[in-house]
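Engineer:
Chains as they are written, first to last, in the numbering used here: chain G, 8 to 226; chain Y, 8 to 226.
1. Could you confirm whether any beta carbon from chain G is found closer than 8 Å to the beta carbon of residue 169 (chain Y)?
2. Taking the beta carbon of residue 201 (chain G) as the centre, do at least 16 other beta carbons fall within 10 Å, making it buried, or is it exposed?
3. Under 8 Å, Cβ to Cβ, is there at least one residue of chain Y near residue 203 (chain G)?
4. Could you list which residues in chain Y have their beta carbon closer than 7 Å to that of residue 155 (chain G), in chain order?
5. Looking only at its chain, what residues have a beta carbon closer than 6 Å to the beta carbon of residue 195 (chain Y), apart from the 5 residues adjacent to it on each side?
6. Rounded to the nearest angstrom, what separates residue 141 (chain Y) and residue 184 (chain G) at their Cα positions?
7. Using a Cβ-Cβ cut-off of 8 Å (strictly less than) and excluding sequence neighbours within five positions of residue 24 (chain Y), which residues of its own chain qualify?
8. What does the alpha-carbon distance come out to for the pair residue 111 (chain G) and residue 129 (chain G)?
9. Could you tell me whether any Cβ in chain Y is nearer than 8 Å to the Cβ of residue 98 (chain G)?
10. Since I believe residue 168 (chain Y) is in contact with residue 116 (chain Y) (beta carbons under 8 Å), could you give me their beta-carbon distance rounded to a whole number of angstroms?
11. Compute the Euclidean distance between the alpha carbons of residue 143 (chain Y) and residue 42 (chain Y), then round it to the nearest angstrom.
12. Can you pull out the residues from the stretch 108-133 of chain G whose beta carbon lies closer than 9 Å to at least one beta carbon of chain Y?
13. Evaluate residue 179 (chain Y) with the Cβ neighbour count: other Cβ atoms within 10 Å of its Cβ, from every protein chain shown; 16 or more gives buried, anything less gives exposed.
14. Flag residue 60 (chain Y) as yes if its beta-carbon sits less than 8 Å from any beta-carbon of chain G, otherwise no.
15. In chain G, what lies closer than 7 Å to residue 148 (chain Y) by C-beta?
16. Please give me, in chain order, every unbroken run of the alpha helix (DSSP H) with length at least 4 that falls completely inside the stretch 93-124 of chain G.
17. For residue 206 (chain G), is the classification buried or exposed, using 16 other Cβ atoms within 10 angstroms of its Cβ as the cut-off for buried?
18. Considering only C-alpha positions, which residue in the set Y:58, Y:150, Y:38 and Y:39 is nearest to residue 187 (chain G)?
19. When the Cα atoms are used, what is the spatial distance from residue 170 (chain G) to residue 57 (chain Y)?
20. Could you check whether residue 166 (chain Y) and residue 92 (chain Y) sit closer than 8 Å to each other, using their CB atoms as the reference points?
21. Thinking C-alpha only, which one of Y:216, Y:176 and Y:154 is nearest residue 100 (chain Y)?
22. In angstroms with no decimal places, state the Cα-to-Cα distance between residue 172 (chain G) and residue 213 (chain G).
23. By Cβ distance below 7 Å, which residues in the same chain neighbour residue 33 (chain G) in space, the five residues on each side in sequence not counted?
24. What is the DSSP secondary structure of residue 168 (chain Y), reduced to helix, strand or coil?
25. Applying a beta-carbon distance threshold of less than 8 Å, which residues of chain G neighbour residue 177 (chain Y)?
26. Using a Cβ-Cβ distance cut-off of 8 Å, determine whether residue 192 (chain G) contacts chain Y.
27. Is it right to say residue 146 (chain Y) is buried, meaning 16 or more other beta carbons lie within 10 angstroms of its own, or is it exposed?
28. Quick check on DSSP: helix, strand or coil for residue 136 (chain Y)?
29. Can you pull the chain Y residues whose beta carbon is under 7 Å from the beta carbon of residue 185 (chain G), in chain order?
30. When the Cα of residue 68 (chain Y) is compared with those of Y:131, Y:193, Y:126 and Y:190, which residue comes out closest?
31. Using the three-state DSSP reduction, which class does residue 220 (chain G) fall into: helix, strand or coil?
32. Check each candidate in G:88, G:52, G:135 and G:108 and name the one with the smallest Cα separation from residue 39 (chain G).
33. My output table needs one value for residue 41 (chain G): the three-state DSSP class, helix, strand or coil.
34. Under 8 Å Cβ-Cβ, which residues of chain G neighbour residue 57 (chain Y)?
35. What did DSSP end up calling residue 227 (chain Y) once you bin it into helix, strand or coil?
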């Protein structure tokens, strides 16, 4: 397992190269904070982009495939995908329109996704997906049965060809524009968990667990 | 301008059809709350998915194209794209692993995106993009000059072929599972704006504007 990957021609960033991050550890930190990806694939020449959940384990990304299963019929043989994870961190308001920007962290992975077909491996992949989103939840839940396992699809994508982009910090204006009296600054944006909503049919005495109260993606 | 669109074969949802929303007004409400989309396109047979900002005006989506410009060289002639907007609303924790889900609202648009090349139209498109993200900001900012306009690319995508998916509400468990003592419920998730961070080089006396303090995407 290498700690970094040289960018391929396809993932090398030409524009805004100063925002590029090719370090594997930095990319994994972004992947581990997120849990929703956008999977792109081609069917009959048409690109499709489907949001779904994912989990990372080592140098593999496991992708929950149910939503895309109609499109992914050929997925047993492997399908070329682009998986993109984007974390939005803020609006960057500059004095000029042109220098307005966003603070964000994103990872783009290119590769071939394959369906996990072996029952034991699929169960383990589902566990990893669940643990990625909410550690500890798997053990407390009723486990998948054979029928449910069959109705669920999971794809595995090796993380080999990837790039990451990060934009952080204040607005950068043209020197002449700093004389403008326009307000400039950053409006931070965060995905925040609210107060958990108890299910109406909880068994008597069941309390809201700590992991539901203090849910955060910060890693 | 029609108020609804019949789903095409390509956008009709086969799985989880109960979550499908084909109403144009409902899809536009989702598009208007979001401002980051994931644009999918194909280059040399490989799908790419790039996050970028967008704005909707009438039945058009304007997409900020700078990030993807290397890939979108042929965009003057038009390029087949899939633009997906996803708003995440919560984690849905069921008693069984299989019935775990997410609350979300998403829109998928298929079509041909074309670069806006006319200078006047491009300026107007950039204004609409800016107003979509932060109404009123355009008028306060230093306007784009010729050089900046040339360095910016904007794509227009007509909203013709689209579908939306919405999952809201509590977990739905198998009847037998309601006897489990596992906690179930929803952890709401919201993109929240924090306290604005003033730029270090503001002119003396410039105050943080109201639109930066109370920023919200709720429409």
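Idealized CB from N, CA, C, for every residue including glycine.
Quantities reported herein were computed from a predicted structural model and do not represent experimental measurements.
Structural biologist: The relevant details are as follows:
1. no
2. exposed
3. yes
4. 105
5. 97
6. 20 Å
7. Confidence in residue 24 (chain Y) is poor, its pLDDT being 49 and thus under 50, which makes the residue's placement unreliable; the coordinate value appears in the next sentence. Within the same chain, residue 24 (chain Y) has no close Cβ partners at all.
8. 32 Å
9. yes
10. 7 Å
11. 16 Å
12. 109, 111, 113, 115, 117 and 133
13. exposed
14. yes
15. 102, 103, 104 and 189
16. none
17. buried
18. Y:150
19. 12 Å
20. no
21. Y:176
22. 43 Å
23. 171
24. strand
25. 204, 206 and 207
26. yes
27. exposed
28. helix
29. 208
30. Y:131
31. helix
32. G:135
33. coil
34. 91 and 115
35. Look at the range of chain Y in this structure, 8 to 226, and you will see that residue 227 (chain Y) is not part of it.
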